[in-house]
Amino acid sequence: MDENAFWQLIEACRPAGPDPDGHGLADALTDRLGRGPVYAVVGFAEQLSWALYRLDRREYGGDLSGDGFLYTRAAVVAAGRGEYEEVLRDPRRFLPYADGRVWAEALLYVPDDAYEHLTGEEWERRTRYSFESYSNVAGWADAR
Numbered sequence: 008m009d010e011n012a013f014w015q016l017i018e019a020c021r022p023a024g025p026d027p028d029g030h031g032l033a034d035a036l037t038d039r040l041g042r043g044p045v046y047a048v049v050g051f052a053e054q055l056s057w058a059l060y061r062l063d064r065r066e067y068g069g070d071l072s073g074d075g076f077l078y079t080r081a082a083v084v085a086a087g088r089g090e091y092e093e094v095l096r097d098p099r100r101f102l103p104y105a106d107g108r109v110w111a112e113a114l115l116y117v118p119d120d121a122y123e124h125l126t127g128e129e130w131e132r133r134t135r136y137s138f139e140s141y142s143n144v145a146g147w148a149d150a151r
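The opening residue of the sequence shown carries number 8 in our numbering; numbering runs sequentially from there.
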């Protein structure tokens, strides 16, 4: 799955109405990915990790706990490609997510749930980029 396919899938699965915690999106994504193939689940996991990793920077999460920062970054991804790219361009656009505690923790479990549905096995997910908070060393380096 390439980046465009990832964002198209996010857009296709986003609920029409409010989805304050991302559960509607996560359920729709899990259902869609759970129909296979497994390589689509793996590709989705890679793209999700990359998107979250790119937001793992000091200018976004300096005052947030590790989990809160992760769930807030997931909410930015859940908001769709347009909003995500705006936040990347202007870190001030991240503030309403952080200040309002807008979280989409459920998005994080989509690949694991879809994989388990397809294979009947728990997934030991390893992606190229870690989505865990503070794993983007360059994003947290002191600006000099």
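Beta carbons are placed, not taken as given, at the ideal position from N, Cα and C, and that holds for glycine.
**Report entry** ARG65 versus GLY127: straight-line alpha-carbon distance, rounded
**Finding:** Position 58 of the sequence shown, counting from 1, holds the residue named residue 65. Position 120 of the sequence shown, counting from 1, holds the residue named residue 127. ARG65 and GLY127 have their C-alpha atoms some 39 Å from each other.
Requested in this report: Would you kindly work out how many angstroms separate the C-alpha atoms of ARG151 and ARG61, rounded to a whole number?
Outcome: By 1-based counting over the sequence shown, the position of residue 151 is 144. By 1-based counting over the sequence shown, the position of residue 61 is 54. Only weak support exists for where ARG151 lies, its pLDDT of 41 falling under 50; the coordinates are left without a value.
Requested in this report: For the alpha helix (DSSP H) containing ARG80, list its first residue and its last residue.
Outcome: Numbered from 1 along the sequence shown, position 73 holds the residue referred to as residue 80. Counting along the chain, the alpha helix (DSSP H) containing ARG80 begins and ends at 73-85.
**Report entry** Cβ neighbours of GLY50 in the same chain (closer than 7 Å, five flanking residues each side left out)
**Finding:** The residue labelled residue 50 in the question sits at position 43 within the sequence shown. Taken in chain order, the residues that qualify are MET8.
Requested in this report: Select from SER140, TRP130, ASP70 and ASP63 the residue whose C-alpha is nearest the C-alpha of VAL48.
Outcome: Here residue 48 refers to the residue found at position 41 when the sequence shown is read from its first residue. Of the candidates SER140, TRP130, ASP70 and ASP63, the one whose C-alpha sits nearest the C-alpha of VAL48 is TRP130.
Query raised in the report: Taking DSSP as the reference, what is the three-state secondary structure of SER142?
Result: Within the sequence shown, numbered from 1, the residue matching residue 142 stands at position 135. It is coil, neither helix nor strand.
Query raised in the report: Are the CB atoms of LEU36 and PHE138 nearer to each other than 8 Å?
Result: The sequence position of residue 36 within the sequence shown is 29, counting from 1. The sequence position of residue 138 within the sequence shown is 131, counting from 1. Result no, Cβ atoms of LEU36 and PHE138 do not sit closer than 8 Å.
Report task. Out of ASP63, PRO22, PHE76 and VAL144, state which residue places its alpha-carbon closest to the alpha-carbon of ASP106. Result -> Looking up residue 106 in the sequence shown gives position 99. Residue PHE76 is the option with its Cα nearest to ASP106.
Query raised in the report: By Cβ distance, which residues of its chain are closer than 6 Å to ALA111, with the 5 residues on each side in sequence left out?
Result: Walking along the sequence shown from the start, residue 111 turns up at place 104. Same-chain partners within the cutoff: GLY29, ALA81, ALA82 and ALA85.
Query - Span separating the alpha-carbon of LEU71 from that of PRO103 - result: Here residue 71 is taken as the residue at index 64 of the sequence shown, counted from 1. Here residue 103 is taken as the residue at index 96 of the sequence shown, counted from 1. Between the alpha carbons of LEU71 and PRO103 lies a distance of about 13 Å.
**Report entry** Cut-off 8 Å between Cβ atoms - residues of its own chain near GLU18, not counting five sequence neighbours on either side
**Finding:** Sequence index remark: in the sequence shown, residue 18 carries index 11 (1-based). Around GLU18, the same chain offers GLY87 and ARG88 as residues with beta carbons nearer than 8 Å, after the five sequence neighbours per side are excluded.
Requested in this report: Could you pull out every residue in the same chain whose Cβ sits closer than 7 Å to the Cβ of GLY20, ignoring the five residues on either side in sequence?
Outcome: Against the sequence shown, residue 20 aligns to sequence position 13. Looking at the sequence shown, residue 20 is not Gly but Cys. Cβ within range, chain order: LEU32, ALA35, LEU36 and ARG39.
Query raised in the report: What is the DSSP secondary structure of TYR91, reduced to helix, strand or coil?
Result: Here residue 91 refers to the residue found at position 84 of the sequence shown. Three-state result, TYR91: helix.
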